[in-house]
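Using our numbering, read the sequence shown as starting at 2 and increasing by one per residue. Glycine residues also receive a C-beta, built at the ideal position from the N, C-alpha and C atoms. Computed from a predicted model, the values in this text were never measured in an experiment. Below you'll find the structure, written out as structure tokens, and then a few comments.
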Amino acid sequence: MRLSKIKLAGFKSFVDPTTIEMPSNLIGIVGPNGCGKSNTIDAVRWVMGESSAKHLRGGSMEDVIFSGSSARKPVAQASVELVFDNTSGSLGGEYAQYAEISVRRQVTREGQSHYFLNSSRCRRRDITDIFLGTGLGPRSYAIIEQGMISRLIESRPEDLRVYIEEAAGISKYKDRRRETENRMR
2 MRLSKIKLAG FKSFVDPTTI EMPSNLIGIV GPNGCGKSNT IDAVRWVMGE SSAKHLRGGS
62 MEDVIFSGSS ARKPVAQASV ELVFDNTSGS LGGEYAQYAE ISVRRQVTRE GQSHYFLNSS
122 RCRRRDITDI FLGTGLGPRS YAIIEQGMIS RLIESRPEDL RVYIEEAAGI SKYKDRRRET
182 ENRMR
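In structure tokens, the structure reads:
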């Protein structure tokens with residue numbers, strides 16, 4: 002499974018509907034300062050369920066909505082959709098039958114946030130559950146930010162183990178085990 006498209010509208014600096022094609026498995030986002038590189042990464046994290054405005058470089062979730070400029074009025078909502086190519090069938094379960102999987106999130110200035118999976122409304126947890134064990138998620142190691150390599154190299158053994166478990170897909174089993182243990186109490 003790989004990310005094939007990002008569709009943005011009203012998200013941070015992407016005021017107009019914009020589609021970014023991802024033509025291969027390895028993508029690098031480069032460009033001059035202020036062209037939207039970091040906002041593109043924030044958009045991916047946001048759709049995957051990031052709930053911390055701080056991790057999206059903002060003060061509140063409303064900060065993801067285009068707030069206007071000298072030439073443009075603010076917009077009422079932000080929407081980002083990620084389209085995944087699943088022709089390999091790597092996403093199992095009920096979604097293995099789909100060649101393409103779409104995950105969308107939208108938020109309004111009133112604070113209403115909605116998630117959609119293949120155009121059907123769903124919960125945030127449904128989104129995070131689908132991607133457990135795939136290496137994808139709001140804080141996924143599939144996205145390597147500035148400074149991440151240094152943090153890995155300099156991390157303590159316990160922290161490095163957490164990184165490796167997440168990247169290897171082991172963490173999903175630990176999460177499920179923890180949930181089961183909590184239900185048994």
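Asked	Found
Nearest-angstrom beta carbon gap, residue 11 and residue 128 [assumed within contact, 8 Å]	No, residue 128 and residue 11 are not in contact; Cβ-Cβ is about 20 Å, not under 8 Å.
Other residues of its chain near residue 105: CB distance less than 6 Å, five sequence neighbours each side excluded	82 and 117
Inter-residue Cα distance where the pair is residue 86 and residue 99	9 Å
Residues that residue 123 bridges to, as DSSP identifies them	116
Where the alpha helix (DSSP H) through residue 181 begins and ends	172-185
Sheet register partners of residue 201 (DSSP bridge)	Outside the displayed span of the chain (2 to 186) sits residue 201, for which this structure offers no information.
Residue 128 in three-state terms, based on DSSP	helix
Range of the contiguous beta strand (DSSP E) that encloses residue 5	3-10
Distance CB(residue 38)-CB(residue 45) smaller than 9 Å	no
Cα-Cα separation between residue 9 and residue 88, rounded to whole angstroms	23 Å
Collapsed DSSP secondary structure at residue 58 in the structure displayed	coil
Counterpart residues of residue 109 in DSSP-defined beta bridges	78
Supposed contact pair residue 96 and residue 42 - C-beta distance, whole angstroms, cut 8 Å	Residue 42 to residue 96, Cβ: 24 Å. No contact.
Nonlocal neighbours in the same chain, by C-beta distance under 7 Å from residue 73, ignoring five residues either side	16
Residue 103 - DSSP class collapsed to helix/strand/coil	strand
Among 47, 111 and 133, the one whose alpha carbon lies nearest that of residue 91	133
Three-state secondary structure (DSSP) of residue 153	helix
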